[in-house]
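>
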Amino acid sequence: MKKLALLSIATLLIFSLIFPSGIIAGRRFSVKSDSQSNSIATNLGLFGSYTGDIAVDPTSNYIYIAAWYTPNGFFRSSNDGQTWVGMTGNVDYGSGQDVEVNPSNGHVFILLQDLLKSTNHGRTVSEIKNANGSSILFHSNKLFVGTGSGQVKVSTNEGASFSTATLDTSYSIRSLAGYGDTIYALGYNYNDGSNKVFKSTNAGSSWSELSKPVTLTDSLDKIGVNPANGSVFLIPISYGTQTYRSINGGTDWTLLNGAPVTGNISFDSTGRVYIGWNYSIDNGDNWTAFGRGGNYNHHIVVDPSNNNTLYDTSSPGFWKSTDQGATWTSSVDGIIGVVVTSVSQANNKNIVWTATQNGYAKCTNFNSTSPDWSYPVRPNNNFISGGQDSIWVHPSEPNIVLAGCSGALWRTADSGTSWTQMDMTIGSGAPLPSEIVSDSNANNIYVAVAKNVGSGQTAGFIKSADEGATWSSMSFPTDSAQSVAVAKDGDIYVGAGSGAREETTKGIYKYSSGAWSRLSAPNANFPSIVADPENANTIYAVAKSGTSAGFYKTTNGGKTWTRITSGLSGLQEFTTLTIQKSTTPNSLYLGAVLSKDQRGAIYKSSDGGTSWGVFYKGLKSESFRALLFDGLVAGNERGLYNVKSKAKLVLSSNKKTGLMKVSLRDATTFKKRKKVGKKKKIVNTYKQLRNRIVTIYKLTKKRVKVKKRWRTKKVWKKVKNVKIGKAGYTWFRVRAAKGTILQARWKPVKRSDKAEYAAAKSGNSQKGGRGS
């Protein structure tokens, strides 16, 4: 299994010769909303994943994938890959790595953060204890687990027990392969990038180290064995150049000139070899590519029952061919694993673009109940993700779109039909346009361009005054910029640096009256800066990590900054920030990672950042990389979500007076530092939803005819509307008998409420009795 730390986060265009472009990934498959105490998150149908592994069950129609970067990154299909289902229940197992199938009984072994086993095609799983690993292999009715501490564990009873052999504790076992009783293990040292190759001739009972190729200079990523003849192949990591083969069990190695140099490796029953996007019919002497392009993130898997049926992991996450690769079809409905890094919306709210680590996605009916997506959209065949790619759509001319990726800034004036690479005028190497923004009328567009630390690159900050057609440097004081915001008065605030901890020059700079100045904010990475749309001197920012991590606010144009911590304790990383400008005061949302369990989370403030509360909690290995408010839209490692606030509606009765009381507030509890007596304490506060109309219903009986018979049915009947007062509640009377069951319901009506809140209803309450 490829380790994420070594991967260039690079993906490749699905080649135009045989794969169709502009894949439509609409919401033909529904995903259950995630309802929590303070919010409800609904997936917006952008399906796909950065797939790392595919396994096929020869005993059924089931296919399985492991999705890298995706929390709970395991998905199953019961219909040969037409539709997919993720893990169900309240589970949180981390991102996907490997998946294997026992071909005799169809049992599935899934390597995420833990090693899991399923005996019912992935519907439920159980954890295999003390077997966490970095790679797995099921071979010759044995389960092999390679660990990060240089061990190989072997089980002959599907994980009930293991024998363990230690190969070298300095090397993580990245890849395993088998040929009869002969097992090969590839180790990797994360400190110096070196490899070791190990061999066992007795099914893992004992091991010996093999000599590596004498001319090897690359770091290796994968080892594979041809089942037809026992030849062993060594594949380098994604930026390597050397592929080797041994035909005598690893004693001697031959450099395969002209061979593919990255990707996974697999074989069919005749000995045909697949590496990346290439195949060989003569054991690696000669190679043929399936189509145009390179080899990033291709892992072709052969159906064990039919050599003509192939599967591939490339974007958008799953492809299938039934004619040995001549033609391909993609189906990813239900795979919630797209890594979204940026979101942009036009004034026409139906038009939304996102940046992902597999390319860009376009939607032209975003406000519909089932948005349709064109995905992946890529400017050219050599698209390479920078890990935090950016997107910007012109507010009033949405055919104009700017897209940033590793080493390139692209522009389209025809909504993605054709693209032109822009001359960024600055930087060296492959700098990353990490954020693209404009002033309110898009007369000026600005791009923060980040460098790749450690590679000798340079970057900076650029501007366009002609809708992105030409660009010029703004002579940013440092050689890297990662975030930008434009204030109401036109002043520009820029977060210096690239996000890397080892970088020395960070902090926030301001461009005003034709000159740059460094502000008093800490020397920290600020991945997100937001300008208040109503007050030019108010700016919000989040510092990513370290001792200065947190939320910052200035009300004097950056002269001084206040670090606000109320309600934001227990967070180890801050990722992004957005503002809801339809409320007074403005509501803010920020993305963060919890220190306790590394879960991603969104926090909300309803008072301009003074107090904060937990709004939504995600999963392990999940971080919120992009936030946009038109209704809160959140991008993470599971795609794109609309996250709405819940409102708490309480209906109660006064026994003595017979009056009913109804109150309405935001469900989020905000933490605020407040003076209590002579001391300042953290207290709970709430946002009261005043002046809203609530409808009261009573439970009545109704006679209805069912299959020619009359039945009594309980139904809710509207009684009256009441208005919530300035205090957040109101008292009212209801003409109904004592003991009548009542319920209050609130449906957002104002545009701002519709964007922010889901509908709410109270618990049942008896007139003259207890409320809930």
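Residues in the sequence shown are numbered consecutively from 1002, following the numbering used here.
C-beta atoms are modelled at their ideal positions from N, C-alpha and C, and glycine is treated no differently.
Nothing here was measured: the structure is a model prediction, and the numbers come from that model.
For residue 1346, write down the residues that DSSP places opposite it in a beta bridge.
On the sequence shown, residue 1346 is found 345 positions in, with the first residue counted as 1. DSSP, once it has assigned bridges, lists 1353 as partnering residue 1346.
> Please list the terminal residues of the continuous alpha helix (DSSP H) segment that includes residue 1753.
As a first step, residue 1753 is located in the sequence shown; it is residue number 752 there, counting from the start. Element bounds for residue 1753: 1752 to 1757.
> Rank 1068, 1396 and 1247 by C-alpha distance to the C-alpha of residue 1225 and give the top, closest one.
Working through the sequence shown from its first residue, we reach residue 1225 at position 224. That would be 1247, whose Cα lies nearest to the Cα of residue 1225.
> Check this for me: beta carbons of residue 1760 and residue 1697, under 9 Å apart or not?
In the sequence shown, residue 1760 corresponds to position 759, counting from 1. In the sequence shown, residue 1697 corresponds to position 696, counting from 1. No, the Cβ-Cβ distance between residue 1760 and residue 1697 is not below 9 Å.
> In whole angstroms, what separates the C-alpha of residue 1504 from that of residue 1497?
Translated into positions along the sequence shown, residue 1504 becomes position 503. Translated into positions along the sequence shown, residue 1497 becomes position 496. Taking the straight line joining both Cα atoms gives about 10 Å.
> Is the beta carbon of residue 1097 closer than 9 Å to that of residue 1113?
As a first step, residue 1113 is located in the sequence shown; it is residue number 112 there, counting from the start. As a first step, residue 1097 is located in the sequence shown; it is residue number 96 there, counting from the start. Yes. Within cutoff.
> Taking the alpha-carbon positions, what's the residue 1559 to residue 1536 distance?
The residue labelled residue 1559 in the question sits at position 558 within the sequence shown. The residue labelled residue 1536 in the question sits at position 535 within the sequence shown. The alpha-carbon atoms of residue 1559 and residue 1536 are separated by roughly 13 Å.
> Relative to the C-alpha of residue 1122, which candidate in 1077, 1182 and 1436 has its C-alpha closest?
Counting from 1 along the sequence shown, the entry for residue 1122 is found at position 121. For the residues 1077, 1182 and 1436, the minimum Cα distance to residue 1122 belongs to 1077.
> Put residue 1107 into one of helix, strand or coil per three-state DSSP.
As a working note, residue 1107 is residue 106 in the sequence shown. It is coil, neither helix nor strand.
> With 16 as the cutoff for other CB atoms within 10 Å, does residue 1409 come out buried or exposed?
Counting from 1 along the sequence shown, the entry for residue 1409 is found at position 408. Buried, by the Cβ-count rule.
> Over what stretch of residues does the beta strand (DSSP E) that includes residue 1623 continue unbroken?
By 1-based counting over the sequence shown, the position of residue 1623 is 622. Segment: none, residue 1623 is in no beta strand (DSSP E) and carries neither H nor E.
> Cα separation between residue 1023 and residue 1314?
Along the sequence shown, read from residue 1 onward, the residue named residue 1023 stands at position 22. Along the sequence shown, read from residue 1 onward, the residue named residue 1314 stands at position 313. Note that residue 1023 scores a pLDDT of 44, beneath 50, so its modelled location is shaky and nothing firm can be said.
> Let me know if residue 1293 comes out buried or exposed under the rule of 16 or more other beta-carbons within 10 Å of its beta-carbon.
Numbered from its first residue, the sequence shown carries residue 1293 at position 292. Any reading at residue 1293 needs caution, since the residue's pLDDT is 46, under 50, leaving its predicted position unreliable; the model's value is listed next. Result: exposed.
> Please determine, among 1467, 1465, 1510 and 1075, the residue with the shortest C-alpha to C-alpha distance to residue 1482.
Indexing the sequence shown from 1 puts residue 1482 at position 481. The shortest C-alpha separation from residue 1482 is found at 1510.
> From residue 1316 to residue 1360, what distance separates their C-alpha atoms?
As a first step, residue 1316 must be located in the sequence shown, where it is residue number 315. As a first step, residue 1360 must be located in the sequence shown, where it is residue number 359. Distance between the alpha carbons of residue 1316 and residue 1360: 8 Å.
> Could you work out which residue in 1243, 1340, 1368 and 1399 is closest to residue 1220 when comparing CA atoms only?
Looking up residue 1220 in the sequence shown gives position 219. Selected option, being the one with the closest Cα: 1243.
> Whole angstroms is fine: what's the gap from residue 1666's alpha carbon to residue 1607's?
Walking along the sequence shown from the start, residue 1666 turns up at place 665. Walking along the sequence shown from the start, residue 1607 turns up at place 606. Residue 1666 and residue 1607: Cα-Cα distance of roughly 12 Å.
> Run the CB neighbour count on residue 1175, radius 10 Å, all protein chains shown included, and call it buried at 16 or more, exposed below.
Within the sequence shown, numbered from 1, the residue matching residue 1175 stands at position 174. The residue in question, residue 1175, is buried, as its Cβ has 16 or more Cβ neighbours within 10 Å.
> Quick check on residue 1415: buried or exposed, where buried means 16 or more other Cβ atoms within 10 Å of its Cβ?
The residue given as residue 1415 occupies position 414 in the sequence shown. Per the 10 Å Cβ criterion, exposed.
> Assign residue 1289 to one of three DSSP states: helix, strand, or coil.
Residue numbering aside, residue 1289 sits at position 288 when the sequence shown is read from its first letter. Strand at residue 1289.
> Excluding the five sequence neighbours on either side, which residues of its own chain have a C-beta within less than 8 Å of the C-beta of residue 1142, listed in chain order?
What you label residue 1142 is simply residue 141 of the sequence shown in a count that begins at 1. Counting only Cβ-Cβ distances below 8 Å, and skipping sequence neighbours, we find 1103, 1105 and 1157.
> Among residues of its own chain, excluding the 5 on either side of residue 1203, which ones have a beta-carbon nearer than 7 Å to its beta-carbon?
Your numbering for residue 1203 matches position 202 in the sequence shown. Taken in chain order, the residues that qualify are 1182.
> Taking the beta strand (DSSP E) that residue 1640 belongs to, which residues open and close that run?
Residue 1640 sits at position 639 when you count from the first residue of the sequence shown. Here the beta strand (DSSP E) through residue 1640 covers 1640 to 1646.
> Quickly, what does DSSP pair residue 1411 with across the bridge? List them, please.
Position 410 of the sequence shown, counted from the first residue, corresponds to residue 1411. Residue 1411 pairs with 1404 and 1422.
> Over what stretch of residues does the beta strand (DSSP E) that includes residue 1178 continue unbroken?
If you number the sequence shown from 1, residue 1178 lands on position 177. Unbroken beta strand (DSSP E) run through residue 1178: 1173 to 1180.
> Taking only the alpha-carbon atoms, compute the straight-line gap between residue 1005 and residue 1338 and give it to the nearest angstrom.
Locating residue 1005 in the sequence shown gives position 4, where the first residue counts as 1. Locating residue 1338 in the sequence shown gives position 337, where the first residue counts as 1. Note that residue 1005 scores 34 on pLDDT, short of 50, meaning its location in the model is unreliable and no value can be drawn from it.
> In three-state DSSP terms, what is residue 1341?
The residue given as residue 1341 occupies position 340 in the sequence shown. Three-state DSSP puts residue 1341 in a strand.
> Run through the region 1040 to 1074 for me and flag every whole beta strand (DSSP E) of 3 or more residues, listed as ranges in chain order.
The region 1040 to 1074 contains these whole beta strand (DSSP E) runs: 1040 to 1044, 1049 to 1057 and 1064 to 1069.
> Could you give the distance in angstroms between the alpha-carbon of residue 1619 and the alpha-carbon of residue 1750?
The sequence position of residue 1619 within the sequence shown is 618, counting from 1. The sequence position of residue 1750 within the sequence shown is 749, counting from 1. C-alpha separation (whole angstroms): 29 Å.
> Give every residue of the same chain whose Cβ lies closer than 8 Å to the Cβ of residue 1027, excluding the five residues on either side of it in the sequence, and list them in chain order.
The residue given as residue 1027 occupies position 26 in the sequence shown. Bear in mind that a pLDDT of 42 at residue 1027, under 50, signals an unreliable position, so the model cannot answer this.
> From the DSSP secondary-structure annotation, give me the bridge partner or partners of residue 1100.
Counted from its first residue, the sequence shown places residue 1100 at position 99. Beta-bridge pairing links residue 1100 to 1111.
> On the premise that residue 1073 lies in contact with residue 1053, defined as a C-beta separation below 8 Å, what is that separation, rounded to the nearest angstrom?
Walking along the sequence shown from the start, residue 1053 turns up at place 52. Walking along the sequence shown from the start, residue 1073 turns up at place 72. The pair is not a contact, with the Cβ atoms about 14 Å apart (cut-off 8 Å).
> How would you write the range of the beta strand (DSSP E) that residue 1375 sits in, first residue to last?
By 1-based counting over the sequence shown, the position of residue 1375 is 374. Segment 1374 to 1378, the beta strand (DSSP E) holding residue 1375.
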